[in-house]
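First residue of the sequence shown? That's 1 in full-length UniProt numbering, and the numbers climb one at a time after it.
Heads up, the beta-carbon is just placed ideally off N, CA and C, and yes, glycines get one too.
Note that this is a predicted model, so its numbers are computed, not measured.
Reviewing the structure listed below.
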Amino acid sequence: MEIVSQLREVLLNLWWVWGTFLAGWLFISLWMAWRQQVFKAAVTWAILEIKLPREAKKSPKAMEHILMNIWALRNSPGNLREWYWDGETTLWYSLEMVSYSGDIHFYVRTPARYTNIVKSLFYGQYPDCEVLEVQDYIDRLPRTVPGIYESGYDIFGMEMFLGRNNAYPIRTYEFFESDEETQNLDPIAPILETLSKIKQDEIVMVQIVARPAADPMAVVKLAEKELEDLKLKFSGKGPKAFDEETETFSARTPGETEIMKMLDHKASKNAFDCMIRCVYLAPKEVFSITHIYRTLRTNFQQFAIPNSNFIDMNYKSWTRAQIWDPPYVFPKRVEAGRKARLWDYYRRRALPQGTVMGRVSQFHVFTSTFTQRMSLFNTEELATLWHLPTEAVLTQPIVERIEAKKMGPPPGLPIFREGNPEVPGILK
């Protein structure tokens, strides 16, 4: 105890030293949060709706090629001015599936400066599709949760994330493909089926906000650490078999070897920082979260690999609260705070703040911004979660599509500048 007392006395006597460093760190964090917010506010956005012809035979690999090119557009601060004055941050995109009474639409929100590039990427992989710059459907929905209530609707929402270390992959589209075309499965089909089964006037929105990883080597570093840990773990196991090629003893099972291969495979592709959100709006008289909460959450379980990774729901941020949830009082207030935060973040397609003071500035006593969980998906995983459905899915009348086959992309971009005023919504 004497040592503790002496240490406390030293710290108190030197408060001006560590206090100065703490104040400086807080100031820099607050300054960065402000400058980054100024940078983000200056970005203009465009909403693109993707429509497919009835005959769409491209696999999710086409979407992966699009994501590879989008990742290559990655921007990042390169000098002190861009870091501390411009507040430059890596721009992000939003991949969305929205169902209005069972009518499903595919949207991409992109920085306006990249609109023509993103259009050309889709036309390059899907020559028969239409890419229209449209009015943002979110503008037809109330801006606040009280506004949703006033419109006679209620809201439910949840965020999803990788349940294990980001180095471990989920099941991707390659697992669902077969050499025989008739046996190919589309991993997005169950999600679309769920979205198509909602009732009249119900709205379900699935949003994946994706930003090229802030650290391009993030997955590689995580994978290297996990591989080293696994090697140490496996080396101490037995019985050991002698490997004649390397003249060493190996204790790995085929399953353990496969895990290491999967880690290496995920790290071989570029990654995105992602936030998955699902929002359900419905008139109060028909409002029921059972179909969405149970079924949609189950749809994401098809991507799970028991010995690798899975997509789980973040119970600390979903729009339900019980008395045992922090701060352990006023669960109705906590639920209201969660709804307000999730709806605000969905509308803005926002990602969690990158600085501590940025998150503190958005702190609410009944909902914490520190509970949000982002995930690292590589291009293959992200293409599995969001891609244009294949021909097998389009045989069902649930996805808006164009009936006439196009000969090729329109000769000259930009196009369709007038937008689409007939966007479904609550506001009239």
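The straight-line gap separating the alpha-carbon atoms of Glu202 and His387 is approximately 23 Å. Annotation: Leu388 is outside any alpha helix (DSSP H) and is labelled neither H nor E by DSSP.
The shortest C-alpha to C-alpha distance from Glu226 to any of Glu256, Gly87, Val209 and Met374 is the one to Glu256. Boundaries of the beta strand (DSSP E) around Asp154: Tyr153 to Leu162.
Rounded to whole angstroms, the separation of the alpha carbons of Glu381 and Ala167 is 12 Å. Counting along the chain, the unbroken beta strand (DSSP E) around Arg109 starts and ends at Asp103 to Pro111. Its Cα nearest to that of Trp45, the residue Leu91 stands out among Ser317, Leu91 and Phe156. The Cβ atoms of Ile117 and Tyr93 lie no closer than 8 Å to each other. Sequence-distant partners of Gly157 (beyond 5 residues in either direction) whose C-beta falls short of 6 Å from its own C-beta, in its chain, are Val279, Thr319 and Leu342. Residue pairing for Thr89: DSSP places it in no beta bridge. In the three-state DSSP reduction, Ala282 falls in the strand class (E or B). The Cβ atoms of Pro283 and Gly87 lie no closer than 8 Å to each other. Short of 6 Å from the beta carbon of Thr115, and not among the five residues preceding or following it, lie these beta carbons of its own chain, in chain order: Ala46. Closest option to His364, judged by alpha-carbon separation, among Thr355, Thr390 and Arg333: Arg333. With a cutoff of 8 Å on beta-carbon distance, Pro190 and Asn299 are scored as near each other.
Straight through space, the alpha carbons of His65 and Tyr293 are spaced by roughly 32 Å.
Taking C-beta atoms under 8 Å as the contact rule, Gly358 and Thr89 fail to qualify, at a distance of about 11 Å. In this structure, the alpha-carbon of Leu52 lies about 20 Å from that of Val204. Between the stretch 209-228 and the stretch 132-148, the count of C-beta pairs closer than 8 Å stays below three; the two stretches do not touch. About 4 Å separates the beta carbons of Ala62 and Gln125, which is inside the 8 Å limit, making them a contact pair.
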